[in-house]
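Enquirer: I have a structure here, written as structure tokens, and I will follow up with some questions on it.
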Amino acid sequence: MKIKTKVIAKVIAKTKEDSVKATMLKTLGVSAIATVAVFAGAPAAAEKWDMPMAYSDSNFHTQNGKAFAEAVNVATGGKLEIVVHGGGSLFKGNEIKRAVQTGQAPAGERLLSAHQNESAIFGVDSIPFLATSFEASDKLWQAARPTIEKTLAEQNLVLLYAVPWPPQGLYFNKEVNSTADSKGVKFRAYNAATARVAELMGMLPVQIEAAELVQALATGVAEAFVSSGSTGYDRKVWEHLSHFYEVNAWLPRNYVFVNQQAWDALDADTQNIVKGIAMLAERAGTTKSQQLSGWYLTQLAANGMKVQPAGDQLLGELEAIGATMSGEWIEAAGDEGKAIVDAYKAM
Ligand code: PCA
16 MKIKTKVIAK VIAKTKEDSV KATMLKTLGV SAIATVAVFA GAPAAAEKWD MPMAYSDSNF
76 HTQNGKAFAE AVNVATGGKL EIVVHGGGSL FKGNEIKRAV QTGQAPAGER LLSAHQNESA
136 IFGVDSIPFL ATSFEASDKL WQAARPTIEK TLAEQNLVLL YAVPWPPQGL YFNKEVNSTA
196 DSKGVKFRAY NAATARVAEL MGMLPVQIEA AELVQALATG VAEAFVSSGS TGYDRKVWEH
256 LSHFYEVNAW LPRNYVFVNQ QAWDALDADT QNIVKGIAML AERAGTTKSQ QLSGWYLTQL
316 AANGMKVQPA GDQLLGELEA IGATMSGEWI EAAGDEGKAI VDAYKAM
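In terms of our numbering, the sequence shown opens at residue 16 and continues consecutively.
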């Protein structure tokens, strides 16, 4: 397996055929991303890219970003060195996209749906109940990717890869069986869609980055939120909250992107290596997300939280909210949005 992986990794770095790459990537496991690092190119003048990321160093997205950076560093023989800055330490989550657009940072990672206010297209992965499993999320991404890529290109950005968070559920500090129970609750939102869910549930949304989540819960600025088991685990929210309701409402993505001028400054070989490793990183990160998905929930429970599927009444109400929001999204995203949803549904 080792030899096979090495050979495949070498070919990936060279190939320009996306379909060939995709097939090869499917034959690789998660660990393969680091294996690419075996193929050092000739040493050359070094380019250094700082890559700000919003989520904590221990988070699987950040870990995956670091593996991506390491593989690029070694595969290019140090020609391109990418340095990851996790936890919003270089730029805060809501500053990262602008920083990369303007060239203050050459590359970065951000929650894609955080830009939904700029363009509805970016919110395609946060429509409640449109794509609720990893498999569905892969298909939706396949349908949406060309449009997202084009929209980013118009904003001076090159898309590298995107990885889904585990499915989203609801965190509360009390038992909640219906929207009547959640009325008036202060709710931490991470994008426009989560704020809208809160509104439709009669709650009071407030936008807060994951990096500031714990403080918001500790000070009572927020009493509930929607997220994956991953963020609940990373932020040890059992210290403040008691209930997690599995809803599997959607799987939002983080994406990694590059400033267009920084990208153009790379030679074609280096660009190909980066694109090849980015494809590996997308697959490896997605596999990791899926593998950890259930484990995170066991950790919430092990730390005292009541982890359970949302009850029928709550789920029914959430599904109605999802239907409302799907309609709103299609209206906002127009023909382009409708084409993505139609293509996804036909898969
Ligand atoms: N965690 C991120 C976004 C989605 C998720 O699962 C957060 O809560 O900020």
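Every residue gets a Cβ at the ideal spot worked out from N, C-alpha and C, and that includes glycine.
1) Leaving out the 5 sequence neighbours to the left and right, which residues in its chain are closer than 6 Å to V241 when beta-carbon positions are compared?
2) Is the CB-CB distance between P161 and I111 below 8 Å?
3) Residue range of the alpha helix (DSSP H) that A338 falls in?
4) May I have a chain-ordered list of the beta strand (DSSP E) segments no shorter than 3 residues that lie completely inside the stretch 217-285?
5) Based on the DSSP secondary-structure assignment, which residues constitute the bridge partners of E124?
6) Excluding sequence positions up to five away, which residues of its chain have a Cβ less than 6 Å from the Cβ of H130?
7) Expressed to the nearest angstrom, what Euclidean distance is found between the alpha-carbon atoms of V22 and A296?
8) Please tell me whether G342 has its Cβ less than 8 Å away from any Cβ of chain C.
9) Just reading off the beta strand (DSSP E) that P324 is part of, what are its end residues?
10) Can you list, in chain order, the residues of its chain whose CB lies under 6 Å from that of E224, leaving out five sequence neighbours each side?
11) Please classify W344: is it buried, with 16 or more other beta-carbons within 10 angstroms of its beta-carbon, or exposed?
12) Here's a check: name, in chain order, each residue in its chain whose Cβ is nearer than 8 Å to the Cβ of E351, leaving out the five neighbours to either side.
13) Could you check which residue in A299, G244, G342, E346 has the C-alpha nearest to that of P324?
14) For M320 versus L256, is the C-beta distance shorter than 8 Å?
15) Looking at the ligand PCA, does it come within less than 7 Å of P267, judged from the CB to the closest heavy atom?
16) Go through the stretch 138-203 residue by residue and report every complete run of the beta strand (DSSP E) that reaches 3 residues or more, in order.
17) T363: buried (16+ other C-beta within 10 angstroms of its C-beta) or exposed?
18) State the DSSP-derived secondary structure class of E62, mapped to helix, strand or coil.
19) Pick helix, strand or coil for L105, following the three-state DSSP scheme.
20) Bridge partners for L95 per DSSP, in chain order?
21) Output the distance between the C-alpha atoms of N132 and N206, rounded to the nearest integer angstrom.
22) Assuming E214 is part of the alpha helix (DSSP H), what are its boundary residues?
23) For A122, tell me which candidate among P143, V99, F144 has the shortest Cα-Cα distance.
24) Compute the Euclidean distance between the alpha carbons of A69 and A146, then round it to the nearest angstrom.
25) At the level of alpha carbons, what is the spacing between K189 and Q276?
26) Is A207 near the ligand PCA, going by C-beta to nearest heavy atom under 7 Å?
27) Considering only residues of the same chain and omitting the five flanking positions on each side of S128, which have a CB-CB separation below 7 Å?
28) Does the distance from the CB of D65 to the CB of G102 come in under 8 Å?
Expert: Per the coordinate set shown:
1) Q183, L185, T209
2) no
3) 327-360
4) 219-222, 239-242, 258-261, 268-274
5) V271
6) F137
7) Confidence in V22 is poor, its pLDDT being 43 and thus under 50, which makes the residue's placement too unreliable to answer from.
8) No chain C appears in this structure, which consists of one protein chain only.
9) 321-324
10) G108
11) buried
12) I136, T162
13) G244
14) yes
15) yes
16) 172-179, 184-187
17) In the structure as shown, the chain begins at 16 and stops at 362. Residue 363 is therefore absent and cannot be evaluated.
18) strand
19) coil
20) E62
21) 8 Å
22) 207-215
23) V99
24) 24 Å
25) 50 Å
26) no
27) F137, G138, D140, S141, N206, A208, P267
28) no
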